[in-house]
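K.L.:
Here it is, the structure, as structure tokens.
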Amino acid sequence: MREYSRPVKVEISTDAHLTDTVFARAAEEPGAVMMRRQESGQWRDVTCKEFGDDVVAVAKALIAAGIEHGDRVGLMSRTRYEWTVIDYALWAVGAVVVPIYETSSAEQVEWILGNSGSRAVFVESAEHGERVGAVKDALPDLESVWQIDDSGLDTFTATGTEVDAAAIEERRAAGTVDDLATLIYTSGTTGLPKGCELTHRNLLFTIRNIIDGPLEQVFTVEGRATLLFLPLAHSFARIIEVGCVESKTILGHFPTTGPELIDTLGVYQPTFLLAVPRVFEKVYNKAEQKAVSEGKGRIFAAAADTAIAYSKALDTGSVPLGLRLKHALFTRLVYGKILKAVGGQATHAVSGGSALGTRLGHFFRGVGLTIIEGYGLTETSAPTAVNDPGRIKIGTVGQPFPGVSIAIGDDGEILVKGDHVMRGYWDNPAAAAEAFDEDGWYRTGDLGDLDDDGYVSITGRKKEIIVTAGGKNVAPAVIEDRIRGHALVSQCLVVGDNRNFIAALITVDPEALEFWKQQNGKSGGVADLVDDPDLIAAVQAAVDDANKAVSRAESVRKFTLLPVDFTEDGGQMTASLKLKRHVVAEQFGKDIEELYAG
């Protein structure tokens with residue numbers, strides 16, 4: 000078993016709490032800017048004192064409502080300032096935050112609130128309240144539903160004005176670092192979601208060792224600020240929220256990744272970004288499409304090749320003079336415009352959720368935006384390994400951060416130890432016991448490699464391994480990620496279990512299709528074009544390119560274009576954008592059979 004460990008940098012004291020920094024800054028630097036809040040289209044600074052006062056106001060109302068130490072309280076909302084206020088207010092009174100995606104169905108809401116035994120839930124809107132109301136009769140522990148919108152949060156906080164502020168300090172002092180802070184439910188790609196028990200120690204250990212470790216350069220830059228637009232119900236965004244508070248990074252919230260996000264980034268001007276690979280793929284694809292439409296496709300292609308070559312040369316420690324000159328030229332002509340699209344100030348971005356791909360990684364670093372890939376799970380407080388921008392290895396997810404050990408089991412499974420690992424699954428001791436081996440290693444379920452320097456590469460999911468009729472084991476993630484990197488492709492599912500060859504179901508990106516139609520003189524929707532020879536040929540080129548990354552036995556021999564995309568509403572994707580493989584296989588079983596017919 001290969002193993003790599005890094006010594007801890009920051010030990011967490013037994014009397015530490017997640018709220019300590021909030022209350023300390025409110026007292027010691029009340030006028031410093033802690034957050035920015037969007038009001039009527041404008042960004043307003045929120046000082047440490049203002050944020051602290053907002054947290055205390057909600058905390059006092061929670062005490063007035065009878066919320067006790069250890070009580071679970073749901074939080075169902077888009078990413079917004081009030082989410083962070085409520086998060087810290089619940090921690091201040093010793094309660095446990097139970098995040099719920101705002102897109103969750105009534106059935107999912109019922110399971111999470113019911114399984115957690117939540118006594119109350121905050122909802123963003125009346126529509127969310129109706130969703131909770133539809134299942135409230137099945138939730139005997141649920142006593143209260145509090146709304147954020149339409150002055151609902153103001154009405155709630157008004158109920159706590161008579162509570163003495165000293166009661167908040169009593170609650171905070173009564174808690175310990177090993178108290179439960181949050182129950183984050185897994186995405187439920189297979190079976191019912193499980194509640195991961197994460198403590199104050201888990202979250203503080205994680206972020207403080209990352210801030211003082213691999214991401215020190217990101218969290219300590221002068222004027223640091225970021226705009227959080229990923230769902231805060233996801234552990235990835237949540238640990239960044241805590242990281243901003245702990246590192247004095249100015250935090251802004253934005254509720255969507257829609258088209259308006261780009262304009263907002265331009266105004267907010269973050270110094271670093273947090274996103275999933277799909278966001279970076281779209282930034283690249285849109286830049287390329289714009290260049291082609293303006294007749295500058297060749298210039299963009301040359302600029303992209305130069306950026307990639309420049310980044311690769313950085314890894315060798317020597318960039319040839321000719322390449323430096325070309326890079327300087329394209330910095331003026333092309334790269335500046337790409338960086339301006341994300342605000343013009345960002346030098347780093349943190350990417351997680353799935354593989355970015357080496358080509359995009361080198362492209363963005365060559366442009367001037369170093370994308371830092373990491374790896375982790377909800378069970379590991381989000382990160383467990385991350386690249387250091389000063390010694391990045393593009394194509395890997397980096398080394399374990401300080402205080403963490405990673406091992407590769409005999410079957411290739413990634414095993415993890417450290418104070419960032421959850422203490423268990425809520426009300427599910429059997430699943431918790433199964434998640435750890437006899438030596439206390441957490442079994443991630445992911446497959447990977449570990450090089451001599453401790454850098455981790457992800458090769459697939461243990462449970463997703465496809466075994467062909469010829470006995471070949473195929474990890475689908477490698478080729479799926481490569482195919483999905485093409486502009487025209489939205490989603491890809493590789494199949495072939497007990498079959499003679501590997502095949503794929505592919506969906507088309509609707510935005511990219513519109514541009515493709517303009518360039519190729521086509522009309523109609525996705526359903527009208529899935530059999531179009533030119534579209535099939537374009538996607539075939541993506542498949543051919545992806546096949547270069549794998550052996551012939553692992554390569555995709557046939558594919559079919561589906562007339563619809565995989566979505567959360569359709570049941571094929573989780574709220575955290577993970578593919579529900581068993582659902583897709585069931586819904587599109589006929590399409591799979593046709594791939595192997597004849």
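Under the numbering used here, the residues of the sequence shown are numbered 0 to 597, in order. Glycine included, each C-beta is placed from N, C-alpha and C at the ideal position. Keep in mind it's a predicted model, so treat the numbers as computed, not measured.
Return the chain-ordered list of same chain residues with a C-beta closer than 8 angstroms to the C-beta of residue 565, the five sequence neighbours on each side being excluded.
P.N.:
Within the sequence shown, residue 565 is the residue found at index 566, counting from 1. Excluding positions up to five away in sequence, the list reads 489, 490, 492, 506, 571, 572, 578, 583.
K.L.:
Excluding sequence positions up to five away, which residues of its chain have a Cβ less than 6 angstroms from the Cβ of residue 381?
P.N.:
Here the question's residue 381 lines up with position 382 in the sequence shown. Excluding positions up to five away in sequence, the list reads 234, 235, 238, 375.
K.L.:
For residue 342 versus residue 268, is the C-beta distance shorter than 9 angstroms?
P.N.:
As a working mapping, residue 342 is identified with position 343 in the sequence shown. As a working mapping, residue 268 is identified with position 269 in the sequence shown. Contact flag set, yes.
K.L.:
Is it buried or exposed for residue 523, if we count other Cβ within 10 angstroms and need 16 for buried?
P.N.:
Start at 1 with the first residue of the sequence shown, and residue 523 comes out as number 524. By the neighbour-count rule (16 or more Cβ atoms within 10 Å), residue 523 is not buried but exposed.
K.L.:
Is DSSP giving residue 441 helix, strand or coil here?
P.N.:
Indexing the sequence shown from 1 puts residue 441 at position 442. In the structure shown, residue 441 sits in a strand (DSSP, three-state: E or B).
K.L.:
Our contact map puts residue 479 next to residue 359 with C-beta atoms below 8 angstroms; I'd like the distance itself, whole angstroms only.
P.N.:
If you number the sequence shown from 1, residue 479 lands on position 480. If you number the sequence shown from 1, residue 359 lands on position 360. About 15 angstroms; that fails the 8 angstroms criterion.
K.L.:
If distances are taken between C-alpha atoms only, which option among 399, 513, 429, 547 comes closest to residue 4?
P.N.:
Sequence index remark: in the sequence shown, residue 4 carries index 5 (1-based). Residue 399 is the option with its Cα nearest to residue 4.
K.L.:
With DSSP run on the structure shown, which of helix, strand or coil describes residue 347?
P.N.:
Position 348 of the sequence shown holds residue 347. In the structure shown, residue 347 sits in a strand (DSSP, three-state: E or B).
K.L.:
Would you list the one or two residues that DSSP bridges to residue 412?
P.N.:
For the purposes of this step, residue 412 is taken as the residue at position 413 of the sequence shown. Answer by DSSP bridge pairing, in chain order: 446.
K.L.:
When DSSP labels each residue in this structure, what does residue 252 get in the three-state scheme?
P.N.:
Here residue 252 corresponds to residue number 253 of the sequence shown, with the count starting at 1. Here residue 252 sits in strand by DSSP.
K.L.:
Alpha carbon to alpha carbon, how far is residue 119 from residue 137? Give it in angstroms, no decimals.
P.N.:
Along the sequence shown, one-based indexing puts residue 137 at 138. Along the sequence shown, one-based indexing puts residue 119 at 120. Residue 137 and residue 119: Cα-Cα distance of roughly 14 angstroms.
K.L.:
Less than 8 angstroms between the CB atoms is what I'm expecting for residue 227 and residue 46, so what's the real figure, rounded?
P.N.:
Taking the sequence shown and counting its residues from 1, one reaches residue 227 at position 228. Taking the sequence shown and counting its residues from 1, one reaches residue 46 at position 47. That pair is no contact at about 19 angstroms.
K.L.:
Does residue 464 come out as helix, strand or coil in the three-state DSSP assignment?
P.N.:
Start at 1 with the first residue of the sequence shown, and residue 464 comes out as number 465. In the structure shown, residue 464 sits in coil (DSSP, three-state: anything other than H, G, I, E or B).
K.L.:
Hey, does residue 114 have any beta-carbon neighbour from chain D nearer than 9 angstroms?
P.N.:
This model lacks chain D altogether; it includes just one protein chain.
K.L.:
Do you know whose CA, among 502, 212, 307, 27, lies nearest residue 588's CA?
P.N.:
Position 589 of the sequence shown, counted from the first residue, corresponds to residue 588. The shortest Cα separation from residue 588 among 502, 212, 307, 27 belongs to 502.
K.L.:
Are there 16 or more other CB atoms within 10 angstroms of the CB of residue 41, so buried, or fewer, so exposed?
P.N.:
Here residue 41 refers to the residue found at position 42 when the sequence shown is read from its first residue. Exposed is the call here.
K.L.:
Please state whether the Cβ-Cβ distance between residue 288 and residue 486 is less than 9 angstroms.
P.N.:
Locating residue 288 in the sequence shown gives position 289, where the first residue counts as 1. Locating residue 486 in the sequence shown gives position 487, where the first residue counts as 1. Yes.
K.L.:
Who are the near neighbours of residue 73 in its chain, counting only those whose CB is closer than 6 angstroms to its CB and skipping five residues on each side?
P.N.:
Position 74 of the sequence shown holds residue 73. Closer than 6 angstroms at Cβ, skipping near neighbours: 97, 99, 112, 117, 120.
K.L.:
Taking residue 534 as the reference, which of 512, 553, 296 has the closest Cα?
P.N.:
Taking the first residue of the sequence shown as position 1, residue 534 is located at position 535. Among 512, 553, 296, the Cα nearest to that of residue 534 belongs to 512.
K.L.:
Hey, which unbroken runs of the beta strand (DSSP E) at 3 residues or more fall wholly within the segment 525 to 597?
P.N.:
Within the segment 525 to 597, the complete beta strand (DSSP E) runs of at least 3 residues are 555 to 560.
K.L.:
Nearest by alpha-carbon distance to residue 162: which of 26, 59, 298, 286 is it?
P.N.:
Locating residue 162 in the sequence shown gives position 163, counting from the first residue. Closest option to residue 162, Cα to Cα, is 59.
K.L.:
Put residue 395 into one of helix, strand or coil per three-state DSSP.
P.N.:
The residue given as residue 395 occupies position 396 in the sequence shown. Note: residue 395 maps to strand in three-state DSSP.
K.L.:
For my contact list, residue 94 and residue 66 are in at a C-beta cut-off of 8 angstroms; report their separation, rounded to the angstrom.
P.N.:
To locate residue 94, count along the sequence shown from 1; it is residue 95. To locate residue 66, count along the sequence shown from 1; it is residue 67. Residue 94 to residue 66, Cβ: 5 angstroms. Contact.
K.L.:
Residue 334: buried (16+ other C-beta within 10 angstroms of its C-beta) or exposed?
P.N.:
Here residue 334 corresponds to residue number 335 of the sequence shown, with the count starting at 1. Burial call: buried.
K.L.:
Please list the terminal residues of the continuous alpha helix (DSSP H) segment that includes residue 236.
P.N.:
One-based indexing of the sequence shown puts residue 236 at position 237. Per DSSP, residue 236 belongs to the alpha helix (DSSP H) from 234 to 246.
K.L.:
Which residues bound the beta strand (DSSP E) around residue 90?
P.N.:
Locating residue 90 in the sequence shown gives position 91, where the first residue counts as 1. From DSSP, residue 90 is part of no beta strand (DSSP E) but of the alpha helix (DSSP H) over 80 to 91.
K.L.:
For residue 421, count the other beta carbons within 10 Å of its own beta carbon; 16 or more makes it buried, fewer makes it exposed. Which is it?
P.N.:
Numbered from 1 along the sequence shown, position 422 holds the residue referred to as residue 421. Residue 421 is buried by the Cβ-count criterion.
K.L.:
Specify the secondary structure class of residue 11 as computed by DSSP and reduced to three states.
P.N.:
The residue labelled residue 11 in the question sits at position 12 within the sequence shown. The answer is coil: DSSP assigns residue 11 none of H, G, I, E or B.
K.L.:
Can you tell which of 62, 115, 87 has the C-alpha that lies nearest to the C-alpha of residue 166?
P.N.:
As a working note, residue 166 is residue 167 in the sequence shown. Among 62, 115, 87, the Cα nearest to that of residue 166 is on 62.
K.L.:
Please determine, among 182, 457, 473, 458, the residue with the shortest C-alpha to C-alpha distance to residue 464.
P.N.:
Taking the sequence shown and counting its residues from 1, the one referred to as residue 464 is at position 465. Checked all of 182, 457, 473, 458; the closest Cα to residue 464 is 473.
K.L.:
Give me, in chain order, the residues of the same chain whose beta-carbon lies closer than 7 angstroms to that of residue 101; leave out the 5 immediate sequence neighbours on both sides.
P.N.:
The sequence position of residue 101 within the sequence shown is 102, counting from 1. Correct list, in chain order: 75, 76, 77, 123, 127.
K.L.:
If residue 413 and residue 443 are in contact, beta carbons under 8 angstroms, what's the gap, nearest whole angstrom?
P.N.:
The count along the sequence shown starts at 1 and reaches residue 413 at position 414. The count along the sequence shown starts at 1 and reaches residue 443 at position 444. At roughly 5 angstroms, the Cβ-Cβ gap stays under 8 angstroms, so residue 413 and residue 443 are in contact.
K.L.:
Suppose you measure from the CA of residue 223 to the CA of residue 469; what does that come to, to the nearest Å?
P.N.:
Walking along the sequence shown from the start, residue 223 turns up at place 224. Walking along the sequence shown from the start, residue 469 turns up at place 470. If you take the alpha carbons of residue 223 and residue 469, they lie about 54 angstroms apart.
K.L.:
Would you kindly check if the distance between the Cβ of residue 9 and the Cβ of residue 208 is under 9 angstroms?
P.N.:
By 1-based counting over the sequence shown, the position of residue 208 is 209. By 1-based counting over the sequence shown, the position of residue 9 is 10. Result yes, Cβ atoms of residue 208 and residue 9 sit closer than 9 angstroms.
K.L.:
Run the CB neighbour count on residue 320, radius 10 Å, all protein chains shown included, and call it buried at 16 or more, exposed below.
P.N.:
Taking the sequence shown and counting its residues from 1, one reaches residue 320 at position 321. Label assigned to residue 320: exposed.
K.L.:
On the DSSP bridge assignment, give the partners of residue 121 in chain order.
P.N.:
Position 122 of the sequence shown, counted from the first residue, corresponds to residue 121. 74, 145, per the DSSP bridge assignment.
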